[in-house]
Every structure is written in C-alpha cells, then in structure tokens.
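Heads up, the sequence shown is in the UniProt record's numbering, so the first residue is 1 and it goes up one at a time.
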Amino acid sequence: MPPLPTLLNDCIVKSNIKINQSNLQTYCKYCINALGKEQEKRNYFPNKKDRIILHLKKCPHFLNATTAEKQAEIFELIPDNNSSTKKKVYNKRSSDSSRKVVVRSEAFGPIDNYAVRALSKENAKQFNKLLLKMTVSCEWSLFWVNNPEAKACFKFLNLLLVLSDRRKLGNQVLTEIVNETNKNMEIALKKDKICITLTYDRWTNVKNEHLLGTVLLSSEGKPYVWKAINISSERENYQEVINKTESMLLELELIDIKVYVIVTDSAGAYVAA
C-alpha cells in the first residue's frame, strides 16, 4: 500500500491492530481531542486515503478546527466521484446448470464506522422534534424512549446519538414545537387578507373531558388548530356560544387576524347562536 500524504497523516492516529492483511485500525485525531481517547477509540476506520477523507468530510470536530482552505486541500486528494468504499470483490463460480456470482463486501468494520458523528446543537434540536413527531404519528407512549431495546437500536446506528428522556420530550421539546407552530400559524394567518374562516370542533378526550376546539381555515383551505378549552362543567346554550365566539374574535383581532366567516356544527345551541 502506498504511503499516505502528510496532510492525512497529520489528521489521524494509527494503531497496530490489523483489520485485514493490508489495513490497520485508524482513528481521527480531531475526534480524540474532542471526545477523549477512550470514547473515540471505539470507532475506527482503515488507514486508506479514501476512507480517511470520507470520515473527515463528515467529522464536525475536523470541520470546526480547520480552515476552509485546508479542508479543500485534503478533500481534493481524491475526486468526488471516486468512491472506492463501494468496491466489491466478485468471486465467480460456475456449475453445469447455472452460473453464480458471489458478491462479498470488503471488511470495513461495524456500521458505526460510517455513521458515528456528534450532533450539533441545531441537529440535536431537530432530532428531538422528529422523535416527538414520530411518537405522535405512531400513537406511541413516550415511555418507548426509555426502553433499553430502543436505546440499543439507536446506539447501534450511532454511538454518540442519545435518546432524550420522555420528560424532556413531553415538556421542553413539546413546548418548543408548540411555540414554533403557533408562531408560524400566526404569521401565515396575518398574511392571509382574503378570507379566514372560524369553525368549531368538539370531542371527548381520554379523561372524559368535553373539549371545544377552534379551527381557523385559510383562504386556501389549510386548517390551523387555534386552541381548545374544557367545557365539561359548562351548560351548552346559545348565549354561552355567543360569548365564547365574541371572546375569540376579539382575541384574534388583537393580534391582527381578521375572521370573515364563522361556521358551526348542527347542535341546537350553535344553530341558535
């Protein structure tokens, strides 16, 4: 194997442990400096030019610690379209009745050689949002993130990827998503000067509470859930409906959202109102 360029040698630490006949376990010097020797040495790659550069392109510690000029100089050591990591070893075996081709990947080590990277602050925020959305979409309990099997699965994909505790997802992350969604909803509704429609939706939750929800429809028909209030202890009559509607219209007007149409369901109190 030809010697590595000096530029790459300055970025790595080679061990004496062999991966195969030609390659040694190699570690990223920038990852070791950032994460510590013991943590980073769980993750290695072969001392091959293309594999080292592939790691450096994805390494946030290398990208943060080096200049754009040095990065470009290193990345240009191999063309972008020259990916030897995809190289296969083909062993052709023939028989009297058929011809078989056996494909065997090179021994590159565990999956973490490809996927391990520490999440940036923004990436971690987005990851938690996706976790919460996935949980809601799949109708799971938040307890799943504390399940050992779930943690093991994510650890297999990335040793540095840590699942947030259910309390963090259900409080901090949920609050951030709600605030962000409300902000985006306000912006969209304020920009809509054609027609905003206010509608009501009623349902009973798992606590057997009767809820009244307000849904705003944009001129394009996109629904926005404005808010929901508990009306379990209230009598449902047309005067109460009128009062609630006037209160909501005033609240919307204060933040410059104008409602042009009000649509109610067929319940007696709503029809009378």
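Built from N, CA and C at the ideal position, the CB exists for glycine as well.
Classification of residue i by the beta-carbon crowding that lies within 10 angstroms, buried from 16 upward
i: N91; result: Any reading at N91 must be qualified, since the residue scores a pLDDT of 42, below 50, and its modelled position is unreliable; the value itself is stated next. With fewer than 16 other Cβ atoms within 10 Å, it is exposed.
i: N43; result: buried
i: W226; result: buried
i: K88; result: Any reading at K88 needs caution, since the residue's pLDDT is 40, under 50, leaving its predicted position unreliable; the model's value is listed next. That one is exposed.
i: C59; result: buried
i: N16; result: exposed
i: T6; result: exposed
i: E122; result: exposed
i: I187; result: exposed
i: M134; result: exposed
i: L163; result: buried
i: L212; result: buried
i: L63; result: exposed
i: L252; result: buried
i: R99; result: Below a pLDDT of 50, predicted positions are generally treated as unreliable, and R99, at 41, falls in that range; the measurement from the model is reported next regardless. R99 should be labelled exposed.
Residue i and residue j closer than 7 Å at C-beta
i: T245; j: L217; result: no
i: V241; j: T199; result: no
i: V173; j: N128; result: yes
i: Y260; j: C195; result: yes
i: I12; j: I53; result: no
i: N184; j: R166; result: no
i: K168; j: D256; result: no
i: D201; j: V215; result: yes
i: residue 278; j: A34; result: Given that the chain is displayed from residue 1 to residue 273, the structure contains no residue 278 and the question cannot be resolved.
i: L131; j: G170; result: no
i: Y30; j: A65; result: yes
Residue span of the beta strand (DSSP E) that contains residue i, given as start and end
i: V261; result: 261-263
i: residue 277; result: Missing from the structure shown is residue 277; the chain here goes from 1 to 273 and no further.
i: Y27; result: 24-28
i: L217; result: 210-217
First through last residue of the alpha helix (DSSP H) which encompasses residue i
i: S137; result: 121-137
i: V178; result: 174-191
i: Q71; result: 68-75
i: I53; result: 49-58
i: F143; result: Counting along the chain, F143 falls outside any alpha helix (DSSP H), and DSSP gives it neither H nor E.
i: E149; result: 148-157
Residues that DSSP places opposite residue i in a beta bridge
i: D256; result: DSSP output for D256 lists no bridge partner at all.
i: K227; result: T214
i: I12; result: C28
i: T199; result: V215, V263
i: P46; result: Q25
i: K18; result: L24
Checklist entry - Are the segment 20-28 and the segment 47-59 touching, with three or more C-beta to C-beta distances below 8 Å? => result yes
Checklist entry - Counting Cβ pairs closer than 8 Å, one from the segment 142-159 and one from the segment 176-193, do we hit at least three? => result The segment 142-159 is not in contact with the segment 176-193.
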